[in-house]
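Heads up: the structure comes next, in structure tokens.
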Amino acid sequence: MLKLKPLPYTGSRTVVPRKSQNQAKITLRGLTLFGLLLIFIITYSFSQVSKGADRSECRRVFMAPAYARIHGFDETHTRFASKYSLFLYREQGKDRMPPESEDTQIELTGTPVLFIPGNAGSFKQVRSFAAEAANIFYDTYQTHKDTEDHLNPLATNLDFFSADFNEDFTAFHGRTMLDQAEYLNEAIKFILTLYRESDNPVDSVILLGHSMGGIVARVMLSLPNYKENSINTIITLAAPHAAAPATFDGDILKVFASTDNFWRSGFATGDAQTDLEKIATKRLGDVSIVSITGGLSDNILPADYTTLDGLVPSTHGLVVSTTGIPGVWTPIDHLAVVWCDQLRKVVSKMLLEIVDGGSPKRTRPLPERMSIFKRHLLSGFEEISREELEAVNVGSGGKSFQYQVKIDTKHLSSSVSREKSLQIPQKKKAEGEMPELHLFYIPKDELKFKYTFLSSLKPVAIEQLGQTSAPAVLLCRTLAPSEKRQGQKLLDYTTGNTNKYVELECVDVHGDVKTIPRSSSDTQSTVESSVGDGRTPFQLLEYDSSILELYDAVVIVESPKSIPEESEDFVLGDLELEQSTNFVLGDASLWKLFTRGYDLSLPMHRPIGVSVSIPSAWSSLLAYEFDVRFEESSTERFAPFMMQHIRDEVKWHVNLNRDGRVLSLINGVSPYCPYSKNNLPTMQLKLFSDSLASDQVLDIYMSVDWLKSLSLLILKYRLAIVSMPISICLMVLSFQWRVYMKTAVYPSFGAGLQRLCRVDIIVPIFVVASLLSSLTSFEFVQRILRALDPVDTTDFALMKRLEDPSIHTNPYFLGIDASALWFYGPMFFIISISLVCTVYLVILAGVSGFHCFNERFGSGEAVERVARPPVFNSRRRTVGMIMVFILVPFFVPFQFAYVICCIVQITVVLRASSSKTASTTPSLAPSGMSPSQVYQNFSNYSLSFLMVMIWLLPINIPILIVWFHNFSLKWSTPFSSSHNFLAIIPIVLVVQHHVSGSMIPRPKSRAFQMITRATIAYFSFYALVYGPRNLYWLHHLFNFFCAWCLLLCYDSSSISGRLVDSKEQPGEKDSINGSSKLH
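Spelled out as structure tokens, the structure:
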């Protein structure tokens, strides 16, 4: 680090005791080493391969793709035809291939689907879903449509179109998002014209968007060139609906905000008042949107960002994780989500089911679409899936009972179901005594019961009973003779010898059965029983007391084809008191979880399935570890397994015999994402074990896996790693300017870091960092922060007008609402200090290396900044300004000019560090200040200025990447936000001021000093509190600070210095310039 030498200057200075300096130096070194250690541990943890339920296991796919470019969609239809293209996918050997001649009209008769690629995505990513949809339609629908009832009789083939955006960087640039959305609206208009000659012309297109393509799909409906009613179904894959994944560009935040406000206006409760609300309500009234996330295997986009909470109500939107989708049951990374075999099979089948070939819209009505989405994508444990249960619809009177059942009472008396449990096949039974019916009577008293049915065989419809060994499941009410209804099918289980019988009206509930992963003693993962795999999954049926109280009995009807005793197949069921199936693990205290952990013992005689609520498990910043301990039994029919559920996420942990230690990562309450405060989501566990065959106590121990928890911070706070170091640099800058304004001595950046690490400063900073997360979660504090934010665009009042008025989000600082996680604030502060100190040391090492190289291989003389005639300097500045005025608005973004300024500032630092002591003492410098101090001041000042500029570089580089990409495509967007020359001129002028060898002068007036301090303080505060969600604004604040510095240059009472040629004759007077004149 640079050290200040003793100076003869005796002006007013702040004297720091040597002991305090040594303590600060030790503290700085300790914090730097500790911060680097934290970075290493976090990086190491993040690089480790996930195991268990968080390990992605997608099967490879095969297809025969062919892409036909739509040449007719040219400049006559859209101004973006020279940059973007539209393709039609055809599966070779399945789809009808388009004619080879470009002049021949394409004949299309299917349902159009438009695929929208994401950030730097390819139009060819459509091939996986398109190929599978073609395979299902031509191999299944065309062959078995008339013989299989479960197939959609109105289905048509799907015509997949795909947009070629030349791998645009949509996530970095808002203007690019708008361009794509405008292009796609015109593309839809053109696509619809391709179906004009068909018998039933098409009016709408289904959208399938990946990543940022899903956001572009939502933007399309808000643009003026949107064709009314042309979109009613949107499927998004790993799309960041809740928040922008990158905040380097102001336009992208404005696009997100305006699009979100449009969608919220369309779904807000109450009558539409503004024109925007009326338009949005009309356009979104029939729109359904599904957001599919790959879960925590997505290392590019935080899975939390895919939520639709506070944006779309449950009547129009659905959010699911691939770990819970029946038949998928695996997390999927960001790129694999467009080709994963398990997912494409489910989604393609679902798309074919929502098709209505007889309707111009080509899709079923909204309620039917949502019902199909829920049936295919929900695990069945979600609250919103309850309304889809047949038992609920019939029991509440929404539907009629299907069957009338007559059962011999003697037959019932021989049933083993009187014991409230069922086991098929039975281990011991007398010859000829296997019952065909099992009735679970539901007592009508104050006690509440829960019924669980678990089987390796999928229950069949009662009319198909006997085709396999699978049983049928009925829910029944007793039927008095006077209540007999017409239209019900009779199921008669009486004989000629029957004296007494009971009559029931029943509903077949085989459709309510949930498909869950198989868990046998040899099961390794959930994928083994996923869709397309050879092993059959398990089937689960659960009814709680709220459903059972609508009925009098559960009836299991066995198949005439009995299950052999030596078979691995089984059917289990029990009817237990609801209170015996529900447990609570620990309480809501995170501190107890951190310090002691929680444990729970489940009794020996417990139900097949038990539910465990965990009030303390709700934060997605923590990794929870469960140690499930029990004695393995050789008689159990399946290996114990566990399901975790929170919000829209379901995960399965199978075969706990193999490994009872379960690592649980959840998509709970996440930073910067909305959630309901009145209904705080907490983790729910469901533990299944064969308690009918084995009476063993089961213990659960819960703790936090801190190593894995640290790995979760990278995706959620990758933007904070830029904003918080900027805040640190500005804190150092504030100290430097304070000393500079008081003493005319500009301390080194290293001295400022040491000053920051003094006990009387660092301790209050740590206290503030500890409390800031909790403070920013309070509503009244957020109102104050919104008032201080000049770029706040989120309409929180509109968000609360959706389904849940208690919806809440914390977009400030680290976005943490849990006071128990206070230590994350100081931890990130330590990491930021270590990064700033490391970058500073690297720059010092580079400067020293340059100096040594220059002395060894150069002329042996120091590099000097020779004062040039004012006319020459003025001409150079004029030429520079003309270049900025011409190039930035029309050709290059201001970010390009900023990178050039950084390079120039680096040369200034190198030259300033290599300058020799002046031969004369400037007459306008403070009395007693040595020439060496003048040069040291400028060297310290220019390096500190460079530190801030270096940390602002990551904010500007992404836009520059977008510009280079567009430049390669010969595409330009003049006068966009990135071509605002006012955003760079002050920075250019200040850097030119540095090139001339001049520092920014000290403000002499008290008012100017206070404004300077306030400007730096607000800049630092903004970077700390608002920075992660508004990175782009940090550049503009720096630009404002440079503008203020230019104003100081014109303060005639200020004194600045200009380095001169050290070879001047002693009598010459070319002193450090005391005015603000740039030369």
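Per the UniProt record's numbering, the sequence shown starts with residue 1, numbered consecutively.
C-beta: ideal position from N, C-alpha, C; glycine also.
Exercise. Comparing alpha-carbon positions, which option in F630, L1048, L31 lies nearest I700?
Worked result: F630
Exercise. If you draw a straight line from the C-alpha of T1015 to the C-alpha of F1038, how long is it?
Worked result: 10 Å
Exercise. Is I882 buried or exposed, if buried means 16 or more other CB atoms sit within 10 Å of its CB?
Worked result: exposed
Problem set entry | Reference R755, options V767, V669, V732, closest by Cα | V732
Exercise. Taking just the CA atoms, how far does V571 sit from R386?
Worked result: 23 Å
Problem set entry | Local Cβ density within 10 Å of L982, reported as buried at 16 or more and exposed below that | exposed
For this session: Tell whether a beta-carbon distance below 8 Å holds between I234 and G270.
Result: no
Exercise. Cα-Cα, which of E528, Q539, Q488, Q92 is closest to H510?
Worked result: Q539
Exercise. Could you give the C-beta distance for A130 and E91, rounded to a whole number, given that I count them as a contact under 8 Å?
Worked result: 6 Å
Problem set entry | Contacts around M63, its chain only, beta-carbon distance under 6 Å, and the 5 residues preceding and following it disregarded | R127, A131
Exercise. What did DSSP end up calling H645 once you bin it into helix, strand or coil?
Worked result: strand
Problem set entry | Rounded straight-line distance, which links the Cα of G93 to that of Q524 | 37 Å
For this session: Could you check which residue in V49, V513, Y1026, L28 has the C-alpha nearest to that of R786?
Result: Y1026
For this session: Assign L656 to one of three DSSP states: helix, strand, or coil.
Result: coil
Problem set entry | Buried versus exposed, by CB contacts within 10 Å (16 or more), A797 | exposed
Problem set entry | Candidates Y195, T170, G30, D179: closest to I106 by CA position | Y195
Problem set entry | Distance CB(C1042)-CB(V990) smaller than 8 Å | yes
For this session: Decide if the region 677 to 696 is in contact with the region 776 to 793; the criterion is three or more beta carbon pairs, one per stretch, under 8 Å apart.
Result: no
For this session: Can you grab the Cα-Cα spacing for the pair Q936 / T838, in whole Å?
Result: 22 Å
For this session: Measure the C-alpha to C-alpha separation of D648 and T682 and round it to an integer number of angstroms.
Result: 11 Å
Problem set entry | Backbone secondary structure at E431 - three-state DSSP | Below a pLDDT of 50, predicted positions are generally treated as unreliable, and E431, at 46, falls in that range; the measurement from the model is reported next regardless. In this structure, E431 counts as coil in the three-state DSSP scheme.
Exercise. Taking A1023 as the reference, which of S723, M827, I765 has the closest Cα?
Worked result: S723
Problem set entry | Segment limits, beta strand (DSSP E) that includes H965 | Per DSSP, H965 belongs to no beta strand (DSSP E); it is in the alpha helix (DSSP H), 931 to 968.
Exercise. Would V697 be called buried (16 or more neighbouring beta carbons within 10 Å of its own) or exposed?
Worked result: exposed
For this session: Find the nearest neighbour of Q933 within the set P471, W591, Y740, judged by alpha-carbon distance.
Result: Y740
Exercise. For I300 versus T236, is the C-beta distance shorter than 8 Å?
Worked result: no
Exercise. Rounded to a whole number of angstroms, what is the C-alpha to C-alpha distance between G397 and Q486?
Worked result: 16 Å
For this session: Tell me whether A836 is buried or exposed, calling it buried when 16 or more other Cβ atoms sit within 10 Å of its Cβ.
Result: Here residue 836 is Val; the residue named in the question, Ala, does not match the sequence. Burial call: buried.
Exercise. Counting Cβ pairs closer than 8 Å, one from the region 183 to 191 and one from the region 78 to 85, do we hit at least three?
Worked result: yes
Exercise. Is the region 336 to 344 close to the region 660 to 674, with three or more CB pairs under 8 Å?
Worked result: no
Problem set entry | Beta-carbon proximity list for S291, same chain, < 8 Å, skipping 5 on both sides | G214, T236, A239, H241, T306, T307, L308, G317, L318, V319, V320
For this session: Determine the extent of the alpha helix (DSSP H) in which T281 is found, giving its start and end residues.
Result: 275 to 284
Exercise. Leaving out five residues before and five after R658 in sequence, what residues of the same chain have Cβ atoms less than 7 Å from its Cβ?
Worked result: none
Problem set entry | Contiguous beta strand (DSSP E) assignments of at least 3 residues, all confined to the region 436 to 493 | 437 to 441, 449 to 455, 472 to 478, 489 to 493
Exercise. So the beta strand (DSSP E) Y89 belongs to, where does it begin and stop?
Worked result: 85 to 91
For this session: Assign I886 to buried or exposed, taking buried as 16 or more other Cβ atoms, counted over all protein chains shown, within 10 Å of its Cβ.
Result: exposed
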